[in-house]
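Student:
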Amino acid sequence: MEKWDCAETQHVIHFWGPIANWGLPLAALADLKKDPSIISGKMTVALCFYSLLFMRFALRVKPKNRLLFACHFANECAQLTQLTRLINHEYGKAQPTKQQLQPAPRSVPPTKTATAS
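Numbering-wise, UniProt numbering puts 8 at position 8 of the sequence shown, and it's gapless, one number per residue.
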């Protein structure tokens, strides 16, 4: 078994690692259409910190891994959007229901009748 060339190993790792990581932002973007009640606040915050950490790593490693940075930047944006949805769902104003959005039936005001005095 031959040893891998260091440059070849870096190219393989710097490509397939970020490609595998794209599942995180794609899953978060797919969840944007789902009800915000299923969002886990703890997991969303953990993924925000995770992506921040790896965005920094992607720029500090030699050679810079811009594909990994782009992946974690997209994940950070998606997770912050999910966190915003969760906060609005938990602490925001209640969303009006369809029944509340429909105008009330118009009532006819009572007519004044003339009374004999």
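Think of the CB as a built atom: it goes at the ideal place given N, C-alpha and C, for glycine as much as any other residue. Bear in mind that the values here come from a model prediction, so they are computed numbers and not experimental data.
1. Quick check on W22: does DSSP put it in helix, strand or coil?
2. With a 10 Å radius around its C-beta and 16 neighbouring C-beta atoms as the bar for buried, classify I38 as buried or exposed.
3. Can you find at least 3 beta carbon pairs, one from the stretch 16-35 and one from the stretch 76-83, that sit closer than 8 angstroms?
4. Say whether the stretch 84-95 touches the stretch 61-73, bearing in mind that this needs 3 or more beta-carbon pairs closer than 8 angstroms, one atom from each stretch.
5. State the DSSP-derived secondary structure class of N88, mapped to helix, strand or coil.
6. Chain C beta carbons: is any one of them nearer than 8 angstroms to that of L68?
7. Alpha carbon to alpha carbon, what distance is there between L59 and R66?
8. Over the uninterrupted alpha helix (DSSP H) stretch that includes T44, give me the two end residues.
9. Determine the DSSP secondary structure at T111, reduced to helix, strand or coil.
Tutor: According to the structure shown:
1. The three-state secondary structure of W22, taken from DSSP, is coil.
2. It is exposed - the Cβ of I38 has fewer than 16 other Cβ atoms within 10 Å.
3. They touch, by the three-pair rule.
4. Taking one beta carbon from each stretch, the stretch 84-95 and the stretch 61-73 have fewer than 3 pairs nearer than 8 angstroms; the two do not touch.
5. DSSP places N88 in helix when its eight states are reduced to three.
6. Considering every chain present, this structure includes no chain C. It has just one protein chain.
7. If you take the alpha carbons of R66 and L59, they lie about 7 angstroms apart.
8. Annotation: the continuous alpha helix (DSSP H) that includes T44 extends over G41 to R60.
9. T111: coil per DSSP, three-state reduction.
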